[in-house]
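In the working numbering, the protein residues as written are 587 to 786.
Every residue, glycine too, gets a C-beta built ideally from N, C-alpha and C.
Note that the coordinates shown come from a computational prediction; the quantities given were computed from them, not determined experimentally.
Read through the structure below, which is laid out as structure tokens, and then see the notes.
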């Protein structure tokens, strides 16, 4: 990751999930920043822009950290529009945060616009795995049924973050290549010339 410039268009990545699951700490780790021992809750929406290097390709990413509190729900939904990659975060020690994922999927799909985003499921706080509230099998079954990949991380211990970033990079490349292919097809449409339009 670096903060330079790139000719690529930005990919919109939104981090969402219930309150206190560790979304802000996860974003700090993605940004390779030191974390606070007592991070404050996000009030509304946080934002950062980075360039991530994936397979020698510079990928500009706009990262949105959304609040999980009910009081900010209507505000947060506004920022879901045009999301390309949605990171759904839950706390592996709090089963309700996992149960809430379905609601986040529904709200994202209802507010993101014409195209649906790719989802990545992230179980945070793997450093507390002895207190986990549900099994890995339960989680992976849910992820598979919703056609999304699953990553277990510890934002506190900074583990699993690089694997997550590789998946984000892979999806970003897929989105950009799909857009480029669509634009190429549009530009290659055979527009009739004036001569062809004339009657004999």
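- Counting the other Cβ atoms within 10 Å of the Cβ of residue 749 gives fewer than 16, which makes it exposed.
- When rounded, the separation of the alpha-carbon atoms in residue 767 and residue 610 is 35 Å.
- Residues 601, 632, 634, 649 and 651 of the same chain have their beta carbon placed closer than 8 Å to that of residue 613, with the five preceding and five following residues left out of the count.
- Going by C-alpha positions, residue 720 is about 7 Å away from residue 678.
- Per DSSP, residue 703 has no beta bridge partner at all.
- Residue state for residue 688 is assigned as helix, using DSSP reduced to three classes.
- Taking all protein chains shown into account, residue 664 has fewer than 16 neighbouring C-beta atoms within 10 Å of its C-beta and is therefore exposed.
- Residue state for residue 634 is assigned as strand, using DSSP reduced to three classes.
- Straight across, the Cα-Cα distance linking residue 764 with residue 702 is about 14 Å.
- Residue 671 carries a strand assignment under DSSP once its states are collapsed to helix, strand and coil.
- If you keep only unbroken alpha helix (DSSP H) runs of at least 4 residues inside the segment 595-619, you get 609-616.
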